[in-house]
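Q:
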Amino acid sequence: MKQMYLKDIHEKLDEEPIRKGFGRGLLQAGKDDENIVAACADLTGSTQMSLFADEFPKRFVQIGVAEQNLVTVGSGLAAMGKIPFVSSYAAFSPGRNWEQIRTTICLNEQPVKIVGSHAGVSVGPDGATHQMLEDIALMRVLPHMVVIAPGDSVEAEKATIAMAKDKKNPCYIRLAREKTPIFTTDKTPFEIGKAYVLSPGKDISIITTGTMTYHALKAADSLYKDGIDAEVVHVPTIKPLDAATILGSVEKTGCAITAEEAQIAAGFGSAIAELLAEHQPVKMKRIGMRDRFGESGDPNALLEHFGLTAKHISMAAHELVE
Amino acid sequence: MKKKYTIPELEEIAIDIREDIIKMLEKAGSGHSAGPLGLADILTALYFDVLKHDPKKPDWNKRDIFLLSNGHCVPVQYATMAHAGYFDRKELMTLRQLGSRLQGHPERTALPGLENTSGPLGCGLSQACGMALAMRMNQEMHRWIYVVMGDGEINEGNVWEGAMLANKYNLNNITAIIDRNNIQIDGPTEDVMPLEDLKAKWEAFGWFVLDIDGNNMEAVIDALNMSRAIVEKPVMIIAHTVPGKGVDFMEYDFHWHGAPPNREEAKEALKDLRTLRGKIRGEHE
C-alpha cells in the first residue's frame, strides 16, 4: 500500500473552503505559464479567482453576470492557444450554459477549464437555488470532458495546477463553499484520473468523491470499532474513472457504498454503479440527494438533515454487511 | 502575391458557388437553401478579397479568422472554401454523408480551415470576443476576425452578452455581419420576433453600424474594407440580402429556409443561375 500521508482524523483538523485551494492553485498556474488566463461572471471573490485577477489583470476578463458569454468567450480564448479558467457558481455554470459547453467547448475540442463553486447542500443559507446538485450528472455525460471533485482545499490546489497543465481536454472542477476539514497534506498524491485507497480494509468499499471523503474516513474509523473493516476509496476524478483501483477494491470487499453531495441520479454513485454492473456486480448502496432539492439552513444541519454524514455512511455499511 | 479579382470576376465566382450549393444540397437531400444562396456574395468577398489567409496553410498563425455563427448556412462556406482551394470541389458532393468531413453543421475538428463548431445559434460573436481578447494579450490586434450571424439568430440572448463585452473591451478587430434576409424557420423575422430598429439597437450597444446591400459585391467589399479602418468601435455590418438569391422560385420564400431542392427544382435553379450569370456579363460589357 502506497503511503498516503494523510492527517490523523482523530485530531482537530484545520478547516478551509475548498475554493481557497483553487484560488491558490490558479495563481500558481498563472505564474508557471503565461498562457493561463481567467474569466469570471461577477463572482471573482466568491470563486477565489480574485487572487489571479489581482496578480494578472491583463490576463483576466470580467464577463459580468452572463454565464453563456463566460463559456463562449472561454471557447474563443482557447481557440487562440490560451488555457482559460472560467468561473461562476456551479448552479449557473454549468447550470445555465450547458449547451454552449457542449457545442463550443466539448464538440469543438477546446481545453476550457470550467470552475463551478458553491456545489452541494453545504452551501447552506442561500438555499436550493444556489445549492448545485446536478453538475456531476451534467458534466460527466459530455464527451471529452474531465470531471474533478477535490476532497479538500489542499487537493483542490493540486488539481487546479494539474488541470492547467492539460492543454488538450476541457475540464470541470467542482468546489464547495463552506469550510471543510483538511485531511490531505502537501505530500498526498494527486493525479488526474487516479483514485486512491486512503484507508485499506477488507469488508466493504466506501467509494466517495469531494467533500464526502472526509465523512467516509470518519465512518471507517467508527466501523472498525464495530468490527467492520472498511476500505475508503477516494475518487477525486469522476471522469475518467480509475476503474482498476475501484474494481480492485470491490473485488476484495465484495460490497460497496458510494457517497456524494449531489443528486444520486446520474451522478457519482451512478458512475460507480455503471462500472460495477458491467465488470464486478456486487451489493451496493448509494448515498446522496434522492431526487429532491436542498433548502436553507446551517451547512452541518443540512448535511445531517439530508443524510450526508459519517453516521449515515456507517448505518448503510452495517445494513450491507450484516 | 494573392491575385486581385475585379468586381465582375468576384460576381462570377459567387455564381459558381451558388451552382455548387444547389448541386450539393440536391445530392445531400437535406439542408438549408435560402441562407447559403443569399450569403454567397459576402463569403466570396471574404475568401477571395478581404481575408488574409492561405488555403494551403489553414493553420498559418498570422491568418485572419472567419467564423460562421449561423452554422446551418455552412454549404456556402464549404463551396467557397473549395473554390478558394482548401479542398477539391468533388468533396462537396459528400455533404451530410457518413464519414464526410463536410458535416451538416460545421465541425472544426473535421475539416482544416474551419475555425469553430457551430449550429446551435448565438455563440459566434462571443467566440470572436474571446479570440480578440487573446489576440490583444498576444499583441496581435492586426489580425482581423469576421463573424457572420443570421438575423433570426440574434433572438439569442448570448449574442447581446457578446455585444456588450465587445463594446466594454473595445474589440475593434472584430467585424460582425448580420445576414439580414428577414426570414427564419417559422416565418418572417418581424412576425416571429421583431428585430427592428436593428441599427439603433447595435448603436445603443456601442457598435459602429453600416447598413448595406449584401448582394452588391462592390458595397460588400467597400464595407468590409471600411470596417478595418474604424478603430474606435467594433463594427456591425447589417447586410440586407435576398434569401434564395439567384433562384427565382426560392427568393424571399421562407419555406426554403430549411429545405433542399429535388432533382427537378435543382435543374430549374441552375437554369436561373445561368440567366443571372448572363445578366452580370451583360451589365459589365
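Taken in order, these protein sequences are the chains called A and B. Per my numbering, the very first residue in the first sequence carries number 4; after that it's consecutive. Per my numbering, the very first residue in the second sequence carries number 63; after that it's consecutive. Beta carbons: idealized from backbone N, C-alpha and C, even for Gly.
#1: Out of A:P114, A:F55, A:M142 and A:L306, which has the shortest C-alpha to C-alpha gap to A269 (chain A)?
#2: Take G133 (chain B) and list the residues in its own chain whose beta-carbon comes closer than 6 angstroms to its own, dropping the five residues that flank it on each side.
#3: For H237 (chain A), which of helix, strand or coil comes out of DSSP?
#4: Rounded to the nearest angstrom, what separates S49 (chain A) and A41 (chain A) at their Cα positions?
#5: What does E177 (chain B) reach in chain A if we use C-beta pairs closer than 8 angstroms?
#6: Start and end of the beta strand (DSSP E) containing M312 (chain B)?
#7: With burial defined as no fewer than 16 other Cβ atoms inside 10 Å of the residue's Cβ, what is the status of P305 (chain B): buried or exposed?
#8: What does DSSP give as the partner residues of D275 (chain B) in its beta bridges?
#9: Check A152 (chain A) in the structure and name its three-state DSSP category.
#10: Please specify which runs of the beta strand (DSSP E), each continuous and at least 3 residues long, are wholly inside the stretch 192 to 234 of chain A, giving them in chain order.
#11: Quick one: Cα of K152 (chain B) to Cα of I164 (chain A), how far?
#12: In whole angstroms, what is the alpha-carbon distance linking A56 (chain A) and Y314 (chain B)?
#13: Do the stretch 72 to 88 of chain B and the stretch 118 to 128 of chain B meet, that is, are 3 or more Cβ pairs less than 8 angstroms apart?
#14: Taking 8 angstroms as the threshold (beta carbon to beta carbon), is G98 (chain A) in contact with chain B?
#15: Of all the options B:L105, B:N200 and B:A238, which has the alpha carbon lying nearest to the alpha carbon of L272 (chain B)?
#16: Thinking C-alpha only, which one of B:N217, B:N243 and B:M298 is nearest M255 (chain B)?
#17: In three-state DSSP terms, what is I185 (chain A)?
#18: Checking the sheet assignment: what are the DSSP bridge partners for D20 (chain A)?
#19: Considering only the beta carbon of each residue, do A93 (chain A) and Q113 (chain A) sit closer than 8 angstroms?
#20: Which residues in the same chain have their Cβ closer than 8 angstroms to the Cβ of F95 (chain A), if we skip the five residues on either side of it in sequence?
#21: Exposed or buried, what is P192 (chain A) when buried is set at 16 or more other beta-carbons lying within 10 Å of its beta-carbon?
#22: So, does the CB of V40 (chain A) fall closer than 8 angstroms to a CB anywhere in chain B?
#23: By the DSSP assignment, the beta strand (DSSP E) with F63 (chain A) in it spans what residues?
#24: Along the stretch 124 to 150 of chain B, where does the CB come closer than 7 angstroms to a CB of chain D? Name the residues.
#25: Tell me the start and end of each unbroken beta strand (DSSP E) in the stretch 163 to 251 of chain B that is at least 3 residues and wholly inside, in chain order.
#26: Quick one: measure Cβ to Cβ for L136 (chain A) and G297 (chain A), integer angstroms, because I've assumed they're closer than 8 angstroms.
#27: When you compare the CB of A69 (chain A) with every CB in chain B, is at least one pair closer than 8 angstroms?
#28: Relative to the alpha-carbon of I77 (chain B), which residue among B:M203, B:G214 and B:L99 has its alpha-carbon at the smallest distance?
#29: Which value, in whole angstroms, describes the spacing of the CA atoms of G257 (chain A) and E234 (chain A)?
#30: Starting from S289 (chain B), find everything on chain A with Cβ-Cβ shorter than 7 angstroms and list it in chain order.
#31: When the cut-off is 8 angstroms and only beta carbons count, does S91 (chain A) lie next to chain B?
#32: At 3 residues or longer, what runs of the beta strand (DSSP E) sit wholly inside the stretch 243 to 283 of chain A?
#33: Between the beta-carbon of A152 (chain A) and the beta-carbon of R180 (chain A), is there less than 8 angstroms?
#34: Could you tell me if L305 (chain A) is buried or exposed, where buried requires 16 or more neighbouring beta carbons within 10 angstroms of its beta carbon?
#35: When you compare the CB of A238 (chain B) with every CB in chain A, is at least one pair closer than 8 angstroms?
#36: For I139 (chain A) versus V74 (chain A), is the C-beta spacing smaller than 8 angstroms?
A: By the coordinates alone:
#1: Your numbering for residue 269 (chain A) matches position 266 in the first sequence. When only C-alpha atoms are compared, the closest one is A:M142.
#2: Looking up residue 133 (chain B) in the second sequence gives position 71. Cβ neighbours of G133 (chain B) beyond the five flanking positions: H167, P168, S180 and G181.
#3: Residue 237 (chain A) sits at position 234 when you count from the first residue of the first sequence. DSSP places H237 (chain A) in strand when its eight states are reduced to three.
#4: Residue mapping note: residue 49 (chain A) aligns to position 46 of the first sequence, counting from 1. Residue mapping note: residue 41 (chain A) aligns to position 38 of the first sequence, counting from 1. Distance between the alpha carbons of S49 (chain A) and A41 (chain A): 14 angstroms.
#5: For the purposes of this step, residue 177 (chain B) is identified with residue 115 of the second sequence, where counting begins at 1. Within 8 angstroms Cβ-Cβ: A82.
#6: Indexing the second sequence from 1 puts residue 312 (chain B) at position 250. Note, M312 (chain B): premise wrong, no beta strand (DSSP E); not H, not E.
#7: The sequence position of residue 305 (chain B) within the second sequence is 243, counting from 1. Buried, because 16 or more other Cβ atoms sit within 10 Å of the Cβ of P305 (chain B).
#8: On the second sequence, residue 275 (chain B) is found 213 positions in, with the first residue counted as 1. Looking at the DSSP assignment, D275 (chain B) forms a beta bridge with B:H302.
#9: Numbered from its first residue, the first sequence carries residue 152 (chain A) at position 149. The answer is coil: DSSP assigns A152 (chain A) none of H, G, I, E or B.
#10: 199 to 202 and 207 to 211
#11: Counting from 1 along the second sequence, the entry for residue 152 (chain B) is found at position 90. Counting from 1 along the first sequence, the entry for residue 164 (chain A) is found at position 161. Looking at the two C-alpha atoms, the distance is approximately 47 angstroms.
#12: As a working note, residue 56 (chain A) is residue 53 in the first sequence. As a working note, residue 314 (chain B) is residue 252 in the second sequence. Each residue's Cα considered, the two are about 50 angstroms apart.
#13: no
#14: Reading the first sequence from its first residue, position 95 is the one you call residue 98 (chain A). No, no contact with chain B.
#15: Taking the first residue of the second sequence as position 1, residue 272 (chain B) is located at position 210. Residue B:A238 is the option with its Cα nearest to L272 (chain B).
#16: Locating residue 255 (chain B) in the second sequence gives position 193, where the first residue counts as 1. Comparing Cα-Cα distances from M255 (chain B) to each of B:N217, B:N243 and B:M298, the minimum goes to B:N217.
#17: What you label residue 185 (chain A) is simply residue 182 of the first sequence in a count that begins at 1. The answer is coil: DSSP assigns I185 (chain A) none of H, G, I, E or B.
#18: Position 17 of the first sequence, counting from 1, holds the residue named residue 20 (chain A). Residue identity check: residue 20 (chain A) is Pro in the sequence provided, not Asp. Note: P20 (chain A) sits in a beta bridge opposite A:K182.
#19: As a working mapping, residue 93 (chain A) is identified with position 90 in the first sequence. As a working mapping, residue 113 (chain A) is identified with position 110 in the first sequence. Taking 8 angstroms as the Cβ cut-off, A93 (chain A) and Q113 (chain A) do not qualify as a contacting pair.
#20: The residue you call residue 95 (chain A) lines up with position 92 of the first sequence. If we look at F95 (chain A) and ignore the five residues flanking it on each side, its Cβ neighbours are A44 and E70.
#21: Position 189 of the first sequence, counting from 1, holds the residue named residue 192 (chain A). So P192 (chain A) counts as exposed.
#22: For the purposes of this step, residue 40 (chain A) is taken as residue 37 along the first sequence, with counting starting at 1. Yes, its Cβ sits closer than 8 angstroms to a Cβ of chain B.
#23: In the first sequence, counting from the first residue as 1, residue 63 (chain A) sits at position 60. Counting along the chain, the beta strand (DSSP E) containing F63 (chain A) begins and ends at F63 to Q65.
#24: The displayed structure is made up of protein chains A and B, and chain D is not among them.
#25: 207 to 212 and 236 to 242
#26: Position 133 of the first sequence, counted from the start, is the residue given in the question as residue 136 (chain A). Position 294 of the first sequence, counted from the start, is the residue given in the question as residue 297 (chain A). Between G297 (chain A) and L136 (chain A) the Cβ distance is about 7 angstroms, and since that is below 8 angstroms, they are a contact.
#27: Residue 69 (chain A) sits at position 66 when you count from the first residue of the first sequence. Judged by the 8 angstroms Cβ criterion, A69 (chain A) is in contact with chain B.
#28: Locating residue 77 (chain B) in the second sequence gives position 15, counting from the first residue. The shortest Cα separation from I77 (chain B) among B:M203, B:G214 and B:L99 belongs to B:L99.
#29: Reading the first sequence from its first residue, position 254 is the one you call residue 257 (chain A). Reading the first sequence from its first residue, position 231 is the one you call residue 234 (chain A). G257 (chain A) and E234 (chain A): Cα-Cα distance of roughly 11 angstroms.
#30: To locate residue 289 (chain B), count along the second sequence from 1; it is residue 227. Within 7 angstroms Cβ-Cβ: nothing; S289 (chain B) doesn't reach chain A, min ~19 angstroms.
#31: Within the first sequence, the letter at position 88 stands for residue 91 (chain A). Output row for S91 (chain A): interface = no.
#32: 258 to 266
#33: The residue given as residue 152 (chain A) occupies position 149 in the first sequence. The residue given as residue 180 (chain A) occupies position 177 in the first sequence. Contact flag unset, no.
#34: To locate residue 305 (chain A), count along the first sequence from 1; it is residue 302. Result: buried.
#35: Here residue 238 (chain B) corresponds to residue number 176 of the second sequence, with the count starting at 1. It does not: the Cβ of A238 (chain B) has no partner Cβ on chain A nearer than 8 angstroms.
#36: One-based indexing of the first sequence puts residue 139 (chain A) at position 136. One-based indexing of the first sequence puts residue 74 (chain A) at position 71. The answer is no: Cβ separation not under 8 angstroms.
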